[in-house]
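For the sequence shown, counting from 1, position 270 maps to 385 in the numbering used here; every step adds exactly one.
Glycine is no exception: its CB is placed at the ideal position from the N, C-alpha and C atoms.
None of the values given here were measured: they were computed from a predicted structure.
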Amino acid sequence: MARRDSTPLYKLTVLGDGGVGKTALTIQLCLNHFVETYDPTIEDSYRKQVVLDGQPATLEVLDTAGQEEYTALRDQWIREGECFLLVYSITSRSSFSRIRSFYNQIQRVKEDDDPFSVVIVGNKSDRDSGEREVSTQEGEALADELGGVPFFESSAKLNINIENAFFECARQCRKLRAKAAQEQQQQQPQSALPQQASQGSQQQQQQYSQDNSSLAYPDQYSSTPSSQYPAAPQTQQQPPASLQQSQVKSTANNTQSSGKPPKKKTRKDKCIIM
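The following block contains the structure:
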């Protein structure tokens, strides 16, 4: 999503079991301080203006509840989310095992036509080694198992890898948008071809209708003065033969009626010798 001031807005959703430090990570990023006491969260949203790879950006972080009773709400959070931070505590084996369940739930809700990105975060890396239940190698192996997603071990208390984890999540979100825009651009010329063909067919039909209308209704063009067009040459036609004979007879009659005597034919008398 892009805001009116052209600063990109990245919606990051934090998922994980209860008590792993999701709220502590979010507040350390957005408010720059560490929350000592644990207060279960249902849903809190934070915004932070950052500079991501030299460009201004806005991170909108949704801190969610990790308790099992909020599974229905989690479906809604996943449906509205775009990129997800899956958080576990390195001091809790059960929270680490739940990461697969969260990932499978995202796949179920998003389906194939709605891509998403994931970053895995192992929190509380500041704890003594005696408290650690999940090794760094196990976290890396899980990230590879889920498709080679980014992996970080962080400490909300000491502010270790907080920005790195959230910023990488925003980068993954940016890659998704760039890929979607590229696919849309590649599909656009192909979808435009039938539309252009349809427009061409409509233009031909309109031209055909105009041509036919000029033949069927010639009166609409009668307003043009005929003097603007050159006169067609007139050819003299010969009358038929019967008409010529009648004209000859008529000429002879006219001659007789004019008073001029007709020429007499001379006749030779036959003489009989006795």
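By the neighbour-count criterion, in which 16 or more other beta carbons inside 10 Å mark a residue as buried, valine 135 falls on the buried side. By the Cβ neighbour-count rule, threonine 122 is exposed, with fewer than 16 other Cβ atoms within 10 Å of its own. Scanning the segment 145-218 from its first residue to its last, the whole alpha helix (DSSP H) runs of 4-plus residues come out as 186-195. Under the 10 Å beta carbon count, valine 129 is surrounded by 16 or more other beta carbons and is classified as buried.
Take the alpha-carbon of asparagine 274 and the one of glutamine 143: they are about 7 Å apart. In the displayed model, glycine 237 falls within a strand according to three-state DSSP. Counted as a single uninterrupted DSSP element, the stretch harbouring glycine 262 is not any alpha helix (DSSP H), since DSSP gives it neither H nor E. DSSP places lysine 126 in the strand class (E or B) of the three-state scheme.
Apart from the 5 residues on each side of it in sequence, serine 210 sits with its Cβ closer than 6 Å to the Cβ of Asp132, Val135, Tyr203, Ser204 in its chain, given in chain order.
When beta bridges are read from the DSSP output, isoleucine 275 appears opposite Ser270. Taking the Cα positions, cysteine 198 is about 5 Å away from serine 232. Proximity to glutamate 151 across Ser160, Asp159, Cys145, Ala139 peaks at Ala139, based on C-alpha coordinates. For the 8 Å CB-CB criterion, isoleucine 214 and isoleucine 235 form a contact.
Taking C-beta separations shorter than 7 Å and ignoring five residues to either side along the sequence, the partners of valine 224 in its chain run Asp190, Ile193, Arg194, following chain order. For valine 165, the closest of Glu158, Asp229, Phe281 by C-alpha to C-alpha distance is Phe281.
Between the beta-carbon of glutamate 268 and that of glycine 245 there is about 17 Å, and that puts the pair past the 8 Å contact cut. Just so you know, the alpha carbons of glutamine 252 and alanine 258 end up roughly 10 Å apart. A residue is called buried once 16 or more other Cβ atoms fall within 10 Å of its Cβ, and asparagine 219, having fewer, is exposed.
Counting C-beta atoms within 10 angstroms of its own C-beta, glycine 254 has 16 or more neighbours from the protein chains shown and is therefore classed as buried. With 16 or more other Cβ atoms inside 10 Å of its own Cβ, leucine 200 counts as buried. Contact annotation: valine 176 and leucine 127 have beta-carbon atoms nearer than 8 Å. Minimum Cα-Cα distance from lysine 239 among the listed residues Tyr125, Arg292, Lys137 corresponds to Lys137. Residue environment for glycine 181: buried (at least 16 other C-beta atoms within 10 angstroms of its C-beta).
Counting of Cβ neighbours within 10 angstroms places glycine 263 among the exposed residues, the total staying below 16. Counting of Cβ neighbours within 10 angstroms places tyrosine 125 among the buried residues, the total reaching 16 or more. For the pair leucine 174 and alanine 285, the CB atoms are nearer than the 8 Å cut-off.
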